[in-house]
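Chemist: First, the structure itself, so that you have it in front of you.
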Amino acid sequence: MPFHTPDLPYSYDALAPYIDEETMRLHHDKHHVGYTTKLNAAVEGTEYESWSIENLLKGLESLPEDLRTPVRNHGGGHYNHGLFWGMMAPEAGGEPSGAVGTALRETFGGFEEFKAAFKTTATGRFGSGWAWLVVNGPGRLQLVSTPNQDNPITEGLTPVLGIDVWEHAYYLTYRNRRAEYVDNFFNVVNWDTVAHLYERAR
Ligand SMILES: [Fe+2]
Numbered sequence: 014m015p016f017h018t019p020d021l022p023y024s025y026d027a028l029a030p031y032i033d034e035e036t037m038r039l040h041h042d043k044h045h046v047g048y049t050t051k052l053n054a055a056v057e058g059t060e061y062e063s064w065s066i067e068n069l070l071k072g073l074e075s076l077p078e079d080l081r082t083p084v085r086n087h088g089g090g091h092y093n094h095g096l097f098w099g100m101m102a103p104e105a106g107g108e109p110s111g112a113v114g115t116a117l118r119e120t121f122g123g124f125e126e127f128k129a130a131f132k133t134t135a136t137g138r139f140g141s142g143w144a145w146l147v148v149n150g151p152g153r154l155q156l157v158s159t160p161n162q163d164n165p166i167t168e169g170l171t172p173v174l175g176i177d178v179w180e181h182a183y184y185l186t187y188r189n190r191r192a193e194y195v196d197n198f199f200n201v202v203n204w205d206t207v208a209h210l211y212e213r214a215r
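In my numbering, each number is its position in the sequence shown, counted from 1, plus 13.
So, in C-alpha cells, the structure goes:
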C-alpha cells in the first residue's frame, strides 16, 4: 500500500476532557483509516502511487481527471488528519512564544485577537471543512477555511495550524456547539508543532 495511516502520537484518551476518547477512536480508526484506504484504492497501480501526498495535493490540476476528485477528497482527508493529530498534544495549549508568537501578535494585534479571528473562521465555515492558520509568503500569516477535505497547499499556502470542523470531530461531546469545541481546542494546541511548521515554511 502506498500510503499508511500514522498512529496517534498519544493515547486515545490523552486529549480528554477537551476531546473525548470515543471521538478520537472513531476519528482516527474509522474516518482517517477510511480516507487512507480510499486514497490507496485510487492511486495503487498508477504512476502516482510513488508521489508524496504533498505533491499529489499541490499538483491536483495536473492529475488525470478520474484521479482528481478521489485524491482531493481522500488524499486530502489522509493528509489533513495526519497534520491535525500532530497539531494537538496533551498538556499543551497556552500562548506561544518565539517567532510564531510574535508573528501572531503582529498580524492579529494580540493573541486573544488571533484566537477570536480563528474562532470566527472556524465557526463561519458552512457545513464540513477546516479552518487553518497558513503561511502566505515570507513569514506572513493568514487565516483561511477550506470546504470538505481540501488543504491550503493546493492553493499554494502552507498550513501551520488547523482545526477539523466536521461534525465527526466534535459531535459526541459538544453536539451542535462548534464554538465551544473551538474554544476548548486551544487547550490542546501543540505550539511546538506550529513553530516547527512555521520555521520550515518561511
Ligand atoms: Fe475529521
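Glycine included, C-beta positions come from ideal geometry on N, C-alpha and C.
Give the single residue among Gly140, Gly111 and Phe198 whose Cα lies nearest to the Cα of His209.
Modeler: The count along the sequence shown starts at 1 and reaches residue 209 at position 196. For His209, the nearest C-alpha among the options comes from Gly111.
Chemist: Rounded to the nearest angstrom, what separates Asp196 and Gly169 at their Cα positions?
Modeler: Working through the sequence shown from its first residue, we reach residue 196 at position 183. Working through the sequence shown from its first residue, we reach residue 169 at position 156. C-alpha separation (whole angstroms): 28 Å.
Chemist: Enumerated in chain order, which unbroken segments of the alpha helix (DSSP H) with a length of 4 residues or greater are wholly contained in the region 164-212?
Modeler: Segments of the alpha helix (DSSP H) lying fully in the region 164-212: 184-187 and 191-198.
Chemist: Comparing alpha-carbon positions, which option in Ala27, Thr159 and Gly175 lies nearest Leu96?
Modeler: As a working note, residue 96 is residue 83 in the sequence shown. Comparing Cα-Cα distances from Leu96 to each of Ala27, Thr159 and Gly175, the minimum goes to Gly175.
Chemist: Measuring only the C-alpha atoms, how far is Met100 from Val202?
Modeler: Position 87 of the sequence shown, counted from the first residue, corresponds to residue 100. Position 189 of the sequence shown, counted from the first residue, corresponds to residue 202. Going by the C-alpha atoms only, they are around 6 Å apart.
Chemist: Residues in its own chain within less than 6 Å of Tyr48 by CB, not counting five upstream and five downstream?
Modeler: The residue labelled residue 48 in the question sits at position 35 within the sequence shown. Taken in chain order, the residues that qualify are His87, Gly90 and His91.
Chemist: Taking just the CA atoms, how far does Gly58 sit from Thr133?
Modeler: As a first step, residue 133 must be located in the sequence shown, where it is residue number 120. As a first step, residue 58 must be located in the sequence shown, where it is residue number 45. The straight-line gap from Cα to Cα measures roughly 42 Å.
Chemist: On the DSSP bridge assignment, give the partners of Val157 in chain order.
Modeler: In the sequence shown, the residue the question calls residue 157 occupies position 144. Val157 is bridged to Trp145.
Chemist: Rounded to the nearest angstrom, what separates Asn164 and Glu60 at their Cα positions?
Modeler: One-based indexing of the sequence shown puts residue 164 at position 151. One-based indexing of the sequence shown puts residue 60 at position 47. C-alpha separation (whole angstroms): 22 Å.
Chemist: Secondary structure at Met37, three-state DSSP: helix, strand or coil?
Modeler: The count along the sequence shown starts at 1 and reaches residue 37 at position 24. Helix at Met37.
Chemist: Hey, which unbroken runs of the alpha helix (DSSP H) at 4 residues or more fall wholly within the region 109-140?
Modeler: Counting only runs of 4 or more, we get 111-121 and 124-137.
Chemist: Smallest Cα separation from Pro234: which of Val148, Val147 and Trp179?
Modeler: Outside the modelled stretch of the chain, which goes from 14 to 215, sits residue 234, for which no answer is possible.
Chemist: On the DSSP bridge assignment, give the partners of Met101 in chain order.
Modeler: Counting from 1 along the sequence shown, the entry for residue 101 is found at position 88. In the DSSP output, where bridge partners are listed per residue, Met101 has Val202.
Chemist: Is DSSP giving Leu52 helix, strand or coil here?
Modeler: Against the sequence shown, residue 52 aligns to sequence position 39. If DSSP states are grouped into helix, strand and coil, Leu52 belongs with the helices.
Chemist: Just to confirm, does Asp177 get its C-beta within under 6 Å of one of the non-hydrogen atoms of ligand 1?
Modeler: For this step, residue 177 is matched to residue 164 along the sequence shown. Indeed, a heavy atom of ligand 1 lies less than 6 Å from the Cβ.
Chemist: Could you have a look at Ile32 and say whether DSSP puts it in helix, strand or coil?
Modeler: If you number the sequence shown from 1, residue 32 lands on position 19. In the structure shown, Ile32 sits in coil (DSSP, three-state: anything other than H, G, I, E or B).
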